[in-house]
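Here the structure comes first, spelled out in structure tokens, and everything after it is commentary.
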Amino acid sequence: MNILVFVFLLLPVLYQLFMGFRAKERKQLNSIGLQSAVMQIIGTVVGWILFNQIGSDFKTIVIYTGFTFLLCIGSVLMVQHILLIIRNQKK
1 MNILVFVFLL
11 LPVLYQLFMG
21 FRAKERKQLN
31 SIGLQSAVMQ
41 IIGTVVGWIL
51 FNQIGSDFKT
61 IVIYTGFTFL
71 LCIGSVLMVQ
81 HILLIIRNQK
91 K
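Okay, so the sequence shown: first residue is 1 according to full-length UniProt numbering, each after it adds one.
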């Protein structure tokens with residue numbers, strides 16, 4: 001069960017990685033980043049509620065993993081902004 005929650009929490013990071021590099025302008029990149037962050041927060045809350053209903057001790061791990069992946073989305077977004085600036089300067 002905890003592997004399934006881990007995979008679901010990893011999906012917004014993968015979404016940001018794949019969709020963020022396809023963005024052509026900053027506004028589009030910010031929109032994708034916001035979508036990924038909202039998906040991550042919703043996934044963390046749903047995972048916490050799920051483990052809370054089960055009565056498992058993994059609810060704190062879900063919160064730590066969710067916020068760690070939220071930081072990953074932020075760092076990927078910063079790298080994508082830097083690459084977008086470099087790509088636009090070459091044109």
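Just so you know, even glycine gets a beta-carbon here, dropped at the ideal spot from N, CA and C.
If you pair each beta-carbon of the segment 69 to 81 with each one of the segment 30 to 47, do three or more pairs fall below 8 Å?
yes
Could you tell me the distance, in whole angstroms, from the CA atom of phenylalanine 67 to the CA atom of glycine 47?
12 Å
Under a Cβ-count criterion, where at least 16 other Cβ atoms within 10 Å of its own Cβ denotes burial, should residue 115 be classed as buried or exposed?
With the chain running from 1 to 91 in the structure shown, residue 115 is simply not present.
When burial is assigned at 16 or more other CB atoms within 10 Å of the CB, is phenylalanine 18 buried or exposed?
exposed
Please report the residue range of the alpha helix (DSSP H) in which arginine 26 lies.
26 to 54
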